[in-house]
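Note sheet for the following structure.
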Amino acid sequence: MVELTVDGNQVEVPEGSMVMHAAQKLGLYVPHFCYHKKLSIAANCRMCLVEVEKAPKALPACATPATNGMVVHTCSEKAKAAQKSVMEFLLINHPLDCPICDQGGECQLQDLAVGYGGSTSRYREEKRVVFHKDLGPLVSAEEMTRCIHCTRCVRFGQEIAGVMELGMLGRGEHSEIATFVGRSVESELSGNMIDLCPVGALTSKPFRYTARTWELARRRSVSPHDSLGANLVIQVKGDRVMRVVPYEDEAINECWISDRDRFSYEGLNSEDRLAAPMIKGADGKWQEASWADALQAVAQGLSRVRDSHGAGQIGALAAEYATTEEFALLGRLVRALGSENIDFRLRQTDPGFDAALSGAPWLGMPVAELDNLDRVLVVGSFLRKDHPLMAQRLRQAAKRGTQVLLIDSAADDPLLPVAGRITVAPSSLPQALAQVAVALAQAKEQPVPAEFAGITPDDAAKLIAASLASGSNAAVLVGNMAVASPQASLLAANARAISNLAGARFGFLTAGGNTVGGYLAGAVPGQGGKTAAAMLAEPLKAYIVLHAEPALDADNGPQAVAALRAAEFAVALTPYASAAQDWADVMLPVSPFTETSGTFVNAQGLAQSFKGTVAPLGQTRPAWKVLRVLGNVLQLQGFDDETSESVRDTALAGGIESRLSNDVKGAPGVGRPGTGLERVADVPIYRTDAIVRRSGPLQDTPASQPPTARMNGATLASLGLAAGVKVRVASATGSVELEAVQDDAVADRAVRISAGFEQTAALGGAFGEISVERA
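In our numbering, the protein residues as written are -5 to 769.
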């Protein structure tokens, strides 16, 4: 430790700390622009100049190492004079457009200019002008003249997002921040540059000129879009969500959020919002109804099916981002009617997966522990897009020496160093894991599992095994694609075998905002109940669908819609009309996460409760209230809860930790590798749920561009095709025409075709053999 004195206060800081860190430890504020606790030190702005005794001139606090016995003055006359001089230079070219600047009211430059700026400017020459830049649909750089060259945005891209999308061109007064020629900012974390910018050079394009910061009320919430459970501040004007920014929580999202969390609010304000209950008449036309009539119609429809066909013909489907309270009441309703058919895992296809589990699958560790691992094997995940902020944590860990290992079907660039990788077609993933397990057993001189007899590991498997064997704090993490696979239980068993051999932790990254909450609340089939895949493959007579958009949320969208249309009765509890109007008999408008209270349980098993941030739109009602009243209308027992907290406490009674388990009961194996072409289906980051799919700015990004058929060069050549031609892709359920694109990241014998789009829905399931021919 190093001991020094700052403004008369003695303080101890670790060796290598800067004067800025010592001042912060004492709670002293040193003015700064370029310094940020999560970024490297640049010392560009010089605003943090302080007086250090025995130094000939003022020194930057952010870049001056603390030494024993050092005496620092942060607000002496010498320090203040230096800081005021720097402020004068910073303001030389800065435009006087505070009244129309979106940063007004929350601008660091504005705040510090009050304390350190002069009342008049001595600068009489012409101010420079910097031409605006087009950075894409999310980040606005219309007023780059405001830029003070702190380079926070540049360093964020390099160090946190992992890709240098912005850089500095020119020298001296001609310096300016720019993208590479003709490129926009495409990182899934790009919106954090807006928060980092200390002036109004980078602002939110969707929020631009819609409200002033002092008009906004700020309310805390939790992201529903992935299993991290990022903490949010929802900024509201009237009854409309205007902006979303991060709430700092070092243990979960640090001070970042993904663009999906930041800009999905545009989907909450969509014109597609359902504002009143609707009942489909005998003529097939929708008619607005009162809540009393709509609930009565639902009760009659469900009762009619139960009395005519038995309770086993009623099924409930939900989305992964329903709240724990909604899951609990949906399960309570279905079971009170006499059915065990309830499931929220609409993309899961392995009928044996539930039997292989012994509890609620979870990450297996706190999210913050990802920082401390020295070896990580990720199986079957599009990591950057599925879990952007977990990928960011692993990126920082990799800089400190963590070896990241990947087994997947598409070798997307995770924007971090990869120590070992195996990329094979989806049906060959169990065999790839088996090879790693055999290599690991050999490296550790342990017996090879009997199920893997005859498996000979290749060099890639040996490399991964050697890495895992050399680690002291390793983890094996199973991703969304692996869990959605028809061989999910086999993949989980093989991954578990690897973790046991390596002495590593084992966990599931989990999809959606509340997958763990869904398990804990009992929104999975009970004894004799059907999974979502079974309910849709063998159609039932009645369905209750909560939040889901089956055409795009289910693994096999056309099959799901056909089953719902064929049912005698189907009710949709949905915020969006288009999600259900093709198949439902009754549509009940329920609140998205910003208009209801509830709880999400993230991947680490942390329950985070939140309140509604705006009043429900029109006649929209929170889904937990709708389900509770529906239970009353049906005269069922156990629907007396007055608050969402009471439902939560019942659902999570007995604690969460004791119900989490990653024990896999299934036996390992090698599966049956396919012989033909296979589909690799990712769910693009901005197509994962109904809310983000309705966010215009997110749909304008390259990540949401129309899908293509992506194959590596060898696969294209074997089919006699070339990149750019139109191809017809056919599966067992249908065919689509797409453009062929060469993508050498895709495994051999595989064609990558994104799910979550209307254009590819006709192909049905995300796995299985397909054929490709010139259109």
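The beta-carbon is built from N, C-alpha and C at its ideal position, and this holds for glycine as well.
Fill in: Supposed close pair Ala469, Val370 - CB separation, criterion 8 Å
For the purposes of this step, residue 469 is taken as the residue at position 475 of the sequence shown. For the purposes of this step, residue 370 is taken as the residue at position 376 of the sequence shown. Beta-carbon to beta-carbon, Ala469 and Val370 are separated by about 5 Å, close enough to satisfy the 8 Å threshold.
Fill in: Closest by C-alpha distance to Val745, when choosing among Val418, Ala52, Gly665
Counting from one through the sequence shown, the residue named residue 745 turns up at place 751. Among Val418, Ala52, Gly665, the Cα nearest to that of Val745 is on Val418.
Item to complete: Could you have a look at His381 and say whether DSSP puts it in helix, strand or coil?
Response: The residue you call residue 381 lines up with position 387 of the sequence shown. Taken through DSSP and simplified to helix, strand or coil, His381 comes out as coil.
Worksheet item: Which one or two residues does DSSP pair with Ile336 in a beta bridge?
Response: Numbered from 1 along the sequence shown, position 342 holds the residue referred to as residue 336. Ile336 is bridged to Ala310.
Worksheet item: What number of angstroms, rounded off, separates the C-alpha of Gln386 from the C-alpha of Ala392?
Response: By one-based count along the sequence shown, residue 386 stands at place 392. By one-based count along the sequence shown, residue 392 stands at place 398. One C-alpha to the other measures close to 10 Å.
Worksheet item: Roughly how far, in whole angstroms, is the beta-carbon of Pro443 from the beta-carbon of Ala491, given that I think they are within contact range, below 8 Å?
Response: Start at 1 with the first residue of the sequence shown, and residue 443 comes out as number 449. Start at 1 with the first residue of the sequence shown, and residue 491 comes out as number 497. Contact annotation, Pro443 with Ala491: C-beta distance approximately 6 Å; criterion of less than 8 Å satisfied.
Worksheet item: Candidates Ser591, Gly523, Pro662, His15: which alpha carbon is nearest Ala60's?
Response: Working through the sequence shown from its first residue, we reach residue 60 at position 66. When each option's Cα is compared against that of Ala60, the closest is His15.
Worksheet item: Span of the alpha helix (DSSP H) holding Glu320?
Response: Working through the sequence shown from its first residue, we reach residue 320 at position 326. Its alpha helix (DSSP H) spans residues 318 to 331.
Fill in: Nearest residue (CA-CA) to Leu503, options Gly660, Asp220, Met162, Gln693
Locating residue 503 in the sequence shown gives position 509, counting from the first residue. Checked all of Gly660, Asp220, Met162, Gln693; the closest Cα to Leu503 is Asp220.
Worksheet item: Leaving out five residues before and five after Leu43 in sequence, what residues of the same chain have Cβ atoms less than 8 Å from its Cβ?
Response: In the sequence shown, residue 43 corresponds to position 49, counting from 1. Excluding sequence neighbours, Leu43 sits near Ala52, Leu53, Pro54, Ala55, Ala73, Ala76, Gln77, Val80.
Item to complete: For Val771, count neighbouring C-beta atoms within 10 Å of its own C-beta (all shown protein chains included) and say buried if the count is 16 or more, exposed if not.
Response: No answer is possible for residue 771: the residues shown for the chain start at -5 and end at 769.
Discussion item. For Arg378 and Gln629, I'd like the C-alpha separation in whole angstroms.
Written reply: Taking the sequence shown and counting its residues from 1, the one referred to as residue 378 is at position 384. Taking the sequence shown and counting its residues from 1, the one referred to as residue 629 is at position 635. Taking the straight line joining both Cα atoms gives about 47 Å.
Discussion item. Could you check whether the Cβ of Asp406 sits closer than 8 Å to any Cβ belonging to chain D?
Written reply: Within the model displayed, chain D is absent; a lone protein chain is all it includes.
Worksheet item: Can you name, in chain order, every residue of its own chain whose Cβ lies under 6 Å from the Cβ of Ala548, other than the five neighbours on each side?
Response: Residue 548 sits at position 554 when you count from the first residue of the sequence shown. Closer than 6 Å at Cβ, skipping near neighbours: Leu340, Ala554.
Item to complete: Between the Cα of Leu163 and those of Gln104, Gly395, Gly156, Val175, spot the shortest distance and give me the residue it belongs to.
Response: By one-based count along the sequence shown, residue 163 stands at place 169. Ranking Gln104, Gly395, Gly156, Val175 by Cα distance to Leu163 puts Val175 first.
Discussion item. Please list the terminal residues of the continuous alpha helix (DSSP H) segment that includes Gly707.
Written reply: The sequence position of residue 707 within the sequence shown is 713, counting from 1. Here the alpha helix (DSSP H) through Gly707 covers 707 to 712.
Worksheet entry | Secondary structure, alpha helix (DSSP H): runs of 4+ residues fully inside the stretch 640 to 700 | The alpha helix (DSSP H) runs lying completely inside the stretch 640 to 700 and spanning 4 residues or more are 684 to 687, 690 to 693, given in chain order.
Worksheet entry | Asn494 (DSSP reduced to helix, strand or coil) | Sequence index remark: in the sequence shown, residue 494 carries index 500 (1-based). Helix, per DSSP.
Fill in: Beta-carbon proximity list for Ala498, same chain, < 8 Å, skipping 5 on both sides
Position 504 of the sequence shown, counted from the start, is the residue given in the question as residue 498. Cβ neighbours of Ala498 beyond the five flanking positions: Arg369, Leu371, Leu462, Gly465, Ala468, Ala469, Val470, Ile492.
Item to complete: Ignore the nearest five residues each way along the sequence and tell me which others in Ser725's own chain have a CB closer than 6 Å to its CB.
Response: Position 731 of the sequence shown, counting from 1, holds the residue named residue 725. If we look at Ser725 and ignore the five residues flanking it on each side, its Cβ neighbours are Leu757, Gly758, Ile764.
Worksheet entry | Rounded C-alpha distance that separates Gln440 from Pro552 | Numbered from its first residue, the sequence shown carries residue 440 at position 446. Numbered from its first residue, the sequence shown carries residue 552 at position 558. Distance between the alpha carbons of Gln440 and Pro552: 48 Å.
Fill in: Enclosing alpha helix (DSSP H) for Val157 [first to last residue]
The count along the sequence shown starts at 1 and reaches residue 157 at position 163. Run containing Val157: none; DSSP gives neither H nor E here.
Worksheet item: Could you give the residue range of the beta strand (DSSP E) that holds Phe502?
Response: As a working note, residue 502 is residue 508 in the sequence shown. Unbroken beta strand (DSSP E) run through Phe502: 499 to 502.
Worksheet item: When every heavy atom of the ligand SAH is checked, does at least one fall within less than 7 Å of the C-beta of Asp368?
Response: The ligand SAH is absent from the structure shown, which contains no ligands of any kind.
Practice prompt. Measure the alpha-carbon distance for Glu639 versus Gly592 and round it to whole angstroms.
Written response: On the sequence shown, position 645 is the one that residue 639 refers to. On the sequence shown, position 598 is the one that residue 592 refers to. Linking Glu639 to Gly592 through their CA atoms gives a straight-line distance of about 8 Å.
Item to complete: Alpha carbon to alpha carbon, how far is Leu222 from Leu383? Give it in angstroms, no decimals.
Response: If you number the sequence shown from 1, residue 383 lands on position 389. If you number the sequence shown from 1, residue 222 lands on position 228. Taking the straight line from one Cα to the other gives about 8 Å.
Practice prompt. Please classify Glu541: is it buried, with 16 or more other beta-carbons within 10 angstroms of its beta-carbon, or exposed?
Written response: Counting from 1 along the sequence shown, the entry for residue 541 is found at position 547. Position check: residue 541 holds His in this sequence, whereas Glu was assumed. Buried: at least 16 other Cβ atoms inside 10 Å.
Discussion item. Looking at the strands, I want to know which residues DSSP matches up with Pro54.
Written reply: Working through the sequence shown from its first residue, we reach residue 54 at position 60. Answer by DSSP bridge pairing, in chain order: Leu43.
Worksheet entry | For Lys274: DSSP bridge partner residues | The sequence position of residue 274 within the sequence shown is 280, counting from 1. Trp280, per the DSSP bridge assignment.
Item to complete: Please specify which runs of the alpha helix (DSSP H), each continuous and at least 4 residues long, are wholly inside the stretch 103 to 185, giving them in chain order.
Response: 146 to 150
Discussion item. Can you list, in chain order, the residues of its chain with a C-beta nearer than 6 Å to that of Leu715? Leave out the 5 residues immediately preceding and following it.
Written reply: Residue mapping note: residue 715 aligns to position 721 of the sequence shown, counting from 1. Within the same chain, Leu715 has close Cβ partners Ala734.
Discussion item. Quick check: Asp128 and Arg202, are their CB atoms within less than 8 Å of each other?
Written reply: Start at 1 with the first residue of the sequence shown, and residue 128 comes out as number 134. Start at 1 with the first residue of the sequence shown, and residue 202 comes out as number 208. Cβ atoms of Asp128 and Arg202: not closer than 8 Å.
Worksheet item: Where Glu532 and Ala172 are concerned, what is the direct C-alpha to C-alpha distance, given to the nearest angstrom?
Response: Along the sequence shown, one-based indexing puts residue 532 at 538. Along the sequence shown, one-based indexing puts residue 172 at 178. Distance between the alpha carbons of Glu532 and Ala172 is about 56 Å.
Worksheet item: According to DSSP, is Met64 helix, strand or coil?
Response: Here residue 64 is taken as the residue at index 70 of the sequence shown, counted from 1. DSSP places Met64 in coil when its eight states are reduced to three.
Worksheet item: Roughly how far, in whole angstroms, is the beta-carbon of Ile154 from the beta-carbon of Trp250, given that I think they are within contact range, below 8 Å?
Response: Taking the first residue of the sequence shown as position 1, residue 154 is located at position 160. Taking the first residue of the sequence shown as position 1, residue 250 is located at position 256. Right, their Cβ atoms sit about 7 Å apart.
Practice prompt. Determine which residues share a DSSP beta bridge with Ala536 and list them.
Written response: As a working mapping, residue 536 is identified with position 542 in the sequence shown. Partner(s): Ile308, Phe563.
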